[in-house]
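The structure appears below as structure tokens.
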Amino acid sequence: MCLLCNDIIPFGTVVRISCPTVKKIPYLPNAKELHLTGGSIIDIALSPSVEVLKIALCTKLEMIPVFPDLKSLYCYYCNSLKAIPALPKLSELVCVGCTSLTEIPKLPRSLSTLNCNNCTVLTAIRCTVYNRLECDGC
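Numbering (our numbering) for the sequence shown: 1411 to 1548.
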């Protein structure tokens, strides 16, 4: 139970947190998927087992920690997100409406999908050839 907003937060392998008042996401040792929605999130604790990270409308989040086993990263309308870290096992990266994101670092060869839409100040993507590459409004 979230003490700030009374939402139920399951601490299983899939964790969904949608709370406008939560600022910090704690260490979640069993989480494989982390789905975060909310404008006040400013810090995500490193949980090494996370393989899928979906963040939406986290308008104050500036950076994402390096999750060593992260395979899929989805960022939707995270207006303060400035950088994506180097993620060695990443296979899918989707960034939509991240209007402060200026550069995507060198991406691993494991990346098969890169989708960037409406990241209006994105000026550099360091990548090789991928199965699916889509950039629109960047």
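Glycine included, every Cβ here is placed at the ideal spot set by N, Cα and C.
In chain order, what residues of the same chain lie with their CB nearer than 8 Å to the CB of residue 1534, ignoring the 5 residues before and after it?
Residue 1534 sits at position 124 when you count from the first residue of the sequence shown. Excluding sequence neighbours, residue 1534 sits near 1512, 1513 and 1514.
Checking 8 Å against the spacing of the C-beta atoms, do residue 1446 and residue 1468 come in under that value?
Here residue 1446 is taken as the residue at index 36 of the sequence shown, counted from 1. Here residue 1468 is taken as the residue at index 58 of the sequence shown, counted from 1. A contact, by the Cβ cut-off of 8 Å.
Span of the beta strand (DSSP E) holding residue 1510?
Numbered from its first residue, the sequence shown carries residue 1510 at position 100. Unbroken run through residue 1510: none, as it is neither H nor E.
State yes or no: is the beta carbon of residue 1442 nearer than 8 Å to at least one beta carbon in chain C?
Protein chain content of the structure displayed is limited to a single chain, and chain C is not contained in it.
Between residue 1451 and residue 1433, is the Cβ-Cβ spacing less than 8 Å?
Walking along the sequence shown from the start, residue 1451 turns up at place 41. Walking along the sequence shown from the start, residue 1433 turns up at place 23. It is a contact, given that the beta carbons lie within the stated cut-off.
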